[in-house]
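Undergrad: With my numbering applied, the sequence shown closes on residue 264, and no number is skipped along the way. Note that beta-carbon positions come from the ideal geometry of N, C-alpha and C, so glycine has one too. Here it is, the structure, as structure tokens.
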Amino acid sequence: MRAAGHTAVMASRREPPDSLEFFPTPPWATRALMRHVLPACLSGFHVASVWDPACGEGHMVEVLREEIAFVQASDIFDYGRGYPVADFLDVGTATSTPVDMIATNPPFRPAAAFATKAMTLAPVVALLLRTAWIEGVERYETLFRDRPPTLFAPFVERVPMTKGRWDPKASTATSYAWFVWVRDRHPLAPFWIPPGCRQALTHTSDAVRFGARAPAPLLSAAE
Ligand SMILES: C[S@@+](CC[C@H](N)C(=O)[O-])C[C@H]1O[C@@H](n2cnc3c(N)ncnc32)[C@H](O)[C@@H]1O
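Put into structure tokens, the structure is as follows:
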């Protein structure tokens with residue numbers, strides 16, 4: 042991953058500004074991409090490398106690593122997890138090694154810019170977004186009319202995302218979908234991500250791997 046220099050200015054803080062929309066992805070929602078969504082639209086294309094260019098604390102990318110051999114990750118903000126810092130939308134930010142897929146859940150407002158740029162860099166682009174993202178005159182005119190996704194895959198179940206941390210017990214009224222573009226492949230009929238994924242694709246180790254990081258221990262008065 043080749044990062045443009047000036048964004049490193051954000052690397053010194055740990056609490057992201059609200060505008061970055063840091064909502065970690067429940068691990069099972071990423072596994073649903075691998076288990077159900079990609080098989081429904083790749084027909085034989087093997088994804089051997091992936092880049093999450095808005096990786097946050099790694100909730101999506103570390104799950105992708107379970108099945109994809111070569112994984113890159115970066116974010117505009119330094120969450121202290123060791124991932125490179127880069128503004129994906131900066132013209133100078135690109136992969137130094139080409140990847141088969143760019144997968145992420147970008148902030149809502151600039152998501153169309155993420156999609157457009159990602160399509161120039163990888164043959165497969167998978168974005169996890171609110172289903173409402175499929176609406177909108179401006180998005181239609183700038184993105185969907187000429188570049189409709191190969192697969193629009195709404196979750197049948199809700200995918201609760203909470204600001205700043207993954208809460209396995211959270212609920213939500215918001216619906217989410219994977220939007221996938223496969224280069225040179227025409228749009229397919231929508232694919233409903235089947236019920237049962239939340240339970241079946243949640244691993245018992247997820248709470249330890251992806252739960253909120255414990256705060257630093259406080260010193261007692263005796264110490
Ligand atoms: C919804 S969170 C997703 C985090 C991570 N992909 C996950 O699944 O847990 C959106 C992320 O986009 C990052 N972000 C926002 N604008 C960005 C930009 N221009 N370039 C790179 N990352 C950006 C935020 O810092 C935040 O970590």
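1. Between VAL104 and ARG72, how many whole angstroms is the CB-CB distance? I'm expecting something under 8 angstroms.
2. Run through DSSP, which three-state label would PHE86 get?
3. At 3 residues or longer, and completely inside the segment 84-132: list those beta strand (DSSP E) runs for me, N to C.
4. Using only alpha-carbon positions, find the residue among PHE196, ARG186 and TRP69 that is nearest to PRO231.
5. Figure out for me which residue from VAL178, SER216 and GLY177 has the closest Cα to the Cα of VAL170.
6. Using only alpha-carbon positions, find the residue among VAL91, THR66, MET101 and ASP116 that is nearest to ILE109.
7. Taking all protein chains shown into account, decide if ALA52 is buried (16 or more other Cβ within 10 angstroms of its Cβ) or exposed.
8. Does any heavy atom of ligand 1 sit closer than 7 angstroms to the C-beta of GLY123?
9. Can you tell which of ARG106, ASN146 and GLU98 has the C-alpha that lies nearest to the C-alpha of TYR124?
10. Quick test of your reading: HIS100 and PRO65, contact by CB under 8 angstroms. State the CB separation rounded to the nearest angstrom.
11. Relative to ligand 1, what is the chain-ordered list of residues with a Cβ closer than 6 angstroms to any of its non-hydrogen atoms?
12. For the putative contact between PRO148 and GLU62, defined by C-beta atoms under 8 angstroms, what is the C-beta separation to the nearest angstrom?
13. Rounding to the nearest angstrom, what Cα-Cα distance links VAL102 and SER115 in this structure?
14. Express the C-alpha separation of PHE251 and TRP207 in angstroms, rounding to a whole number.
15. Round the Cβ separation of PRO139 and ARG224 to the nearest angstrom and send it over; I've been treating them as touching at under 8 angstroms.
16. With distances taken from CA atoms, which of SER246, THR191, PRO209 and VAL126 is nearest ALA156?
17. Note the first and the last residue of the continuous beta strand (DSSP E) segment covering TRP222.
18. When we look at the beta-carbon of GLY46 and count the other beta-carbons within 10 Å, is it buried (16 or more) or exposed?
19. Does PRO258 come out as helix, strand or coil in the three-state DSSP assignment?
TA: In terms of the structure at hand:
1. 6 angstroms
2. coil
3. 90-93 and 111-114
4. PHE196
5. Per the sequence shown, the amino acid found at residue 170 is Leu instead of Val. Of the listed residues, the one whose Cα sits closest to LEU170 is SER216.
6. VAL91
7. For ALA52, the predicted model reports a pLDDT of 43, less than 50, meaning its position is unreliable; a value from the coordinates is still stated below. Its Cβ having fewer than 16 others within 10 Å, ALA52 is exposed.
8. no
9. GLU98
10. 4 angstroms
11. PRO57, LEU61, GLU62, PHE63, PHE64, PRO65, THR66, ASP93, PRO94, ALA95, CYS96, GLY97, HIS100, MET101, ASP116, ILE117, PHE118, ASP128, PHE129, LEU130, THR145, ASN146, PRO147 and PRO148
12. 4 angstroms
13. 10 angstroms
14. 7 angstroms
15. Between ARG224 and PRO139 the Cβ distance is about 12 angstroms, and since that is not below 8 angstroms, they are no contact.
16. THR191
17. 217-223
18. Since pLDDT at GLY46 reaches only 40, below the 50 mark, its modelled position is unreliable, and the value read off the structure follows with that caveat. With fewer than 16 other Cβ atoms within 10 Å, it is exposed.
19. Residue confidence is low: PRO258 scores 40 on pLDDT, short of 50, so the model does not pin down where it sits. Its coordinate-derived value is still stated next. Looking at PRO258 - three-state DSSP - the assignment turns out to be coil, as it is neither helix nor strand.
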